[in-house]
Amino acid sequence: MPYEAVIGLEVHAQLKTQTKIFCGCSAAFGAPPNTHVCPVCLGMPGSLPVLNRRVVDFALRMALATGCRIARTSRFARKNYFYPDLPKGYQISQYELPIAEHGAVDITVDGKSRRIGITRIHMEEDAGKLTHDPDRPVSRVDLNRAGVPLLEIVSEPDLRTPEEAGAYLRKLRTILRYLDISDGNMEEGSFRCDANVSLRPRGQVELGTRTELKNINSFRFVEKALHYEIQRQREILEDGGRVIQETRLWDDAHNRTYVMRGKEEAHDYRYFPDPDLLPLVIDEAWIETVRQSLPELPDPRRRRYVEDFGLPDYDAEVLTSARELADYFEACVGAGAAAKPAANWIMGSLLGLLKAENRDFDQIPVPAPALAELLRLIDEGTISGKIAKTVFDEMAASGRTAAAIVAERGLVQISDAGQIGAVVDRILAANAGQVEAYRSGKTKIFGFFVGQVMRETRGKANPKVVNDLLREKLGAG
Ligand code: ADP
Ligand code: MG
Ligand code: ZN
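In short: position in the sequence shown from 1, add 414, done, that's my numbering.
Structure, rendered in structure tokens:
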């Protein structure tokens, strides 16, 4: 029986606010343990939470960016459970009345576009962090993270393949980064994902029994873990067995998932409205203010790149995948570069360089106007495309301009037919054997002559002139 996979993701995005969600403690990452704490986030009896308005602003940004319906009244609830990283014995979250519901994001996989429903977005507080001593039976608790604001974004079970799940996650992260509300860094834990997956016979409407996968802390693992789990469930079903609803952990060292615990039910948490927090009322004016502050989002920006700049879909997708990169591209065009060459250089040399040097998009070493100048030198024929690669690398390394590098190192392209012709004559005279071979039909060695001329001119000869002259002097071949 052919089975179909059904996947729904729960994403937790840490919000980039200065302070925590219910107290004034710093939400910054990386401070010495237990230095960003106060009676509220330590859960001292008698302390009272006060909602951070910025957290609501950020939640509204994401809700609007994903087309959610925003609740005019929402509320916070207590999710009760015991764990040493949770000082109050409950987590403040939203349950029955989340701030936003019924949104969607569009993803593209293998050129196919699909809309993935967002069930809900809600605000909640993070728990502390436990570290376990590998040598002794000792665990340590750091409560700096307790009370740091999170957005939980729950998808509909609309995803069908691990690749779609990966694309959906990348899209969410791109949107969060465009909105400047989360770092979206999976490896550092500011963007976390639980993946729910089940199988059902193709054509069946009813959902199968799901498992929930946790401990997935890189984009690569999401797809690997889902592939593994789909295969595991398929084998169970094909053997006539039943999948057990449970929470499983991804183990990257062994490329498998294993049981963590039986899946809890919502009623296990004894949710109830937090009596210390008033219902959150959001009026139209607040929503409007946030709406006005939204940047252009990745999808409209991508469409604009295709329509206004005439870029291929693929280029538009890559360039708009990060806001800084798109801004950079537009700055190049603004400084006079033609769109397609600028796109090529950014997607090729620039992204290659960032990757090689492990730099972020906010650390681009060549200013946009400087790249535009380099493109102009190519366009005017002052330097060849090949030399331009060298110039680009030097610009990145030294911070100097293309014109300065070209002038100092004498890299100006040679287009003079007399000058190149003399070199061609010399090469042909020194390689009589090859000339003979070429003329007797071995035309494939044409490239050899081009290479020789380029070597002689240290790459500065205008390739078109070289080709024309060689053809002329070698004869038809
Ligand atoms: P919880 O995991 O906290 O119980 P939900 O019941 O809201 O929360 O479901 C969480 C996620 O699981 C959602 O993304 C939803 O789309 C997905 N999901 C629910 N049922 C299934 C299923 N049978 N197969 C795959 N995913 C599912
Ligand atoms: Mg869950
Ligand atoms: Zn605090």
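Positions of the beta carbon are idealized from the N, C-alpha and C atoms, including for glycine.
None of these values were measured; they are calculated from a predicted model.
(Q) Looking at ligand 3, does it come within less than 8 Å of Lys434, judged from the CB to the closest heavy atom? (A) As a first step, residue 434 is located in the sequence shown; it is residue number 20 there, counting from the start. Yes - ligand 3 has a heavy atom lying nearer than 8 Å to the Cβ of Lys434.
beta-carbon Asn772 near ligand 1 non-hydrogen atom, thresh 8 Å: Counting from one through the sequence shown, the residue named residue 772 turns up at place 358. No, the beta carbon of Asn772 sits no closer than 8 Å to any heavy atom of ligand 1.
* Near ligand 1: Ala427 beta-carbon under 8 Å from a heavy atom -> Locating residue 427 in the sequence shown gives position 13, counting from the first residue. With a cut-off of 8 Å, the C-beta of Ala427 is classified as distant from ligand 1, since no heavy atom of the ligand falls inside that distance.
Fill in: Own chain, CB closer than 7 Å to Ala479, minus 5 neighbours either side, in chain order
Position 65 of the sequence shown, counted from the start, is the residue given in the question as residue 479. Contacts found: Ile589, Leu593, Leu708, Leu711.
| message | So for Arg763, helix, strand or coil by DSSP? | response | Taking the first residue of the sequence shown as 1, we reach residue 763 at position 349. Inspection of the sequence shows that residue 763 is occupied by Ser rather than by Arg. Residue state, collapsed to three classes: helix.
Just how far apart, CA to CA, sit Arg872 and Ser735? In the sequence shown, the residue the question calls residue 872 occupies position 458. In the sequence shown, the residue the question calls residue 735 occupies position 321. In a straight line, the C-alpha of Arg872 is about 38 Å away from that of Ser735.
- Compute every distance between the C-beta of Cys452 and the non-hydrogen atoms of ligand 3, then say whether any falls below 8 Å. As a first step, residue 452 must be located in the sequence shown, where it is residue number 38. Result yes, Cβ under 8 Å from ligand 3.
Q. Say the cut is 8 Å; is the CB of Asp608 nearer than that to a heavy atom of ligand 1?
A. One-based indexing of the sequence shown puts residue 608 at position 194. Under cutoff, so the answer is yes.
Checklist line | Close-in-space but distant-in-sequence residues of the same chain around Asn669 (CB under 8 Å, 5 per side omitted) | finding: In the sequence shown, counting from the first residue as 1, residue 669 sits at position 255. Non-local beta-carbon contacts of Asn669 in its own chain, meaning distances under 8 Å to residues more than five positions away in sequence, involve Lys638, Tyr642 in chain order.
*Separation of Arg853 from Gly891, as counted between CA atoms*: In the sequence shown, the residue the question calls residue 891 occupies position 477. In the sequence shown, the residue the question calls residue 853 occupies position 439. The pLDDT assigned to Gly891 is 46, lower than 50, so where the model puts this residue is not dependable; a value taken from the coordinates is nonetheless given after this. Straight-line measurement puts the Cα of Arg853 at about 4 Å from the Cα of Gly891.
Practice prompt. Leaving aside the five residues before and after Arg559 along the sequence, list all residues of the same chain whose C-beta is less than 6 Å from its C-beta, in chain order.
Written response: Residue 559 sits at position 145 when you count from the first residue of the sequence shown. Asp540, Gly542, Lys543, listed in sequence order.
>> Does the distance between the C-beta of Val420 and the nearest non-hydrogen atom of ligand 1 fall short of 8 Å?
In response: The sequence position of residue 420 within the sequence shown is 6, counting from 1. Answer for Val420: yes, Cβ within range of ligand 1.
Query raised in the report: Is it the case that the CB of Leu456 approaches a heavy atom of ligand 3 more closely than 8 Å?
Result: By one-based count along the sequence shown, residue 456 stands at place 42. At least one heavy atom of ligand 3 lies less than 8 Å from the C-beta of Leu456.
* Write down every uninterrupted run of the beta strand (DSSP E) in the segment 554-635 whose length is 3 residues or greater and which is fully enclosed by it, in chain order. => Those beta strand (DSSP E) runs which fall completely within the segment 554-635 and span 3+ residues are 563-569, 605-615, 625-630.
- [ ] Please report how far the alpha carbon of Asn466 lies from the alpha carbon of Gln618, in whole angstroms.
- [x] The residue given as residue 466 occupies position 52 in the sequence shown. The residue given as residue 618 occupies position 204 in the sequence shown. Straight-line Cα distance between these residues: approximately 45 Å.
Discussion item. Can you tell me whether Cys437 sits near ligand 3, meaning its C-beta is under 8 Å from at least one heavy atom of the ligand?
Written reply: Counted from its first residue, the sequence shown places residue 437 at position 23. Yes.
Tell me, please, whether the segment 417-428 touches the segment 606-615 by the rule of three or more beta-carbon pairs shorter than 8 Å. Flag = yes, the segment 417-428 and the segment 606-615 touch.
Inset, instruction - Let me know the secondary structure DSSP gives Ser829 once reduced to three states. - result: Within the sequence shown, numbered from 1, the residue matching residue 829 stands at position 415. Ser829 falls in the coil class under three-state DSSP.
Q. How is the alpha helix (DSSP H) around Ile701 delimited, first residue to last?
A. As a working note, residue 701 is residue 287 in the sequence shown. Counting along the chain, the alpha helix (DSSP H) containing Ile701 begins and ends at 698-707.
- Message: Whole angstroms are fine: how far does the CA of Trp664 sit from the CA of Thr522?
- Response: On the sequence shown, position 108 is the one that residue 522 refers to. On the sequence shown, position 250 is the one that residue 664 refers to. When the Cα atoms are used, Thr522 and Trp664 turn out to be separated by approximately 26 Å.
### Query
Are there three or more Cβ pairs, one per stretch, closer than 8 Å when the segment 434-442 is compared with the segment 455-473?
Put simply, the segment 434-442 touches the segment 455-473. At least three CB pairs are less than 8 Å apart.
ask   = Which residues does DSSP pair with Lys493 in a beta bridge?
value = Residue numbering aside, residue 493 sits at position 79 when the sequence shown is read from its first letter. Per DSSP, Gln505.
Worksheet item: From Arg483 to Pro571, what does the alpha carbon distance come to, in whole angstroms?
Response: Counting from one through the sequence shown, the residue named residue 483 turns up at place 69. Counting from one through the sequence shown, the residue named residue 571 turns up at place 157. When the Cα atoms are used, Arg483 and Pro571 turn out to be separated by approximately 19 Å.
Item to complete: Classify Arg885 as helix, strand or coil using the three-state DSSP reduction.
Response: Numbered from its first residue, the sequence shown carries residue 885 at position 471. Helix, per DSSP.
Report task. Determine the extent of the alpha helix (DSSP H) in which Lys803 is found, giving its start and end residues. Result -> Along the sequence shown, one-based indexing puts residue 803 at 389. Residues 799-812.
- Item | Beta carbon of Arg587 nearer than 9 Å to that of Phe605 | Locating residue 587 in the sequence shown gives position 173, counting from the first residue. Locating residue 605 in the sequence shown gives position 191, counting from the first residue. Yes, Cβ-Cβ distance for Arg587 and Phe605 is below 9 Å.
| said: Using the Cβ count rule (16 or more neighbours within 10 Å means buried), how would you classify Thr545? | reply: Here residue 545 refers to the residue found at position 131 of the sequence shown. Looking at its Cβ environment, which holds fewer than 16 other Cβ atoms inside 10 Å, Thr545 is exposed.
- request: To the nearest angstrom, report how far apart Ser391 and Ala740 are at their CA atoms.
  value: Missing from the structure shown is residue 391; the chain here goes from 415 to 891 and no further.
| request: Can you check the segment 738-789 for any alpha helix (DSSP H) of at least 4 residues that lies completely inside it and give the ranges in chain order? | output: DSSP runs (the alpha helix (DSSP H)) wholly in the segment 738-789: 753-759, 765-770.
ask   = What are the boundary residues of the alpha helix (DSSP H) that Glu870 is part of?
value = Within the sequence shown, the letter at position 456 stands for residue 870. 860-870 is the span of the alpha helix (DSSP H), which, as asked, contains Glu870.
| task | Using 10 angstroms around the beta-carbon of Glu698, count the other beta-carbons present and answer buried if the total reaches 16, otherwise exposed. | result | In the sequence shown, counting from the first residue as 1, residue 698 sits at position 284. When all chains shown are included, Glu698 counts as exposed.
Give the DSSP-derived three-state secondary structure of Asp653 in the structure shown.
Residue 653 sits at position 239 when you count from the first residue of the sequence shown. Three-state DSSP puts Asp653 in coil, outside helix and strand.
- Task: For Asp665, name the three-state secondary structure that DSSP assigns.
- Result: The residue you call residue 665 lines up with position 251 of the sequence shown. Of the three classes helix, strand and coil, the one that applies to Asp665 here is strand, per DSSP.
| If you run the structure through DSSP and keep just helix, strand and coil, what is Ala427? | Counting from one through the sequence shown, the residue named residue 427 turns up at place 13. Three-state result, Ala427: strand.
| Going by beta carbon distance, what residues of the same chain come within less than 6 Å of Ile567, once the five residues before and after it are set aside? | What you label residue 567 is simply residue 153 of the sequence shown in a count that begins at 1. Taken in chain order, the residues that qualify are Val425, Ile535.
Under a three-way DSSP split, which group does Glu679 fall into? Position 265 of the sequence shown, counted from the first residue, corresponds to residue 679. The answer is coil: DSSP assigns Glu679 none of H, G, I, E or B.
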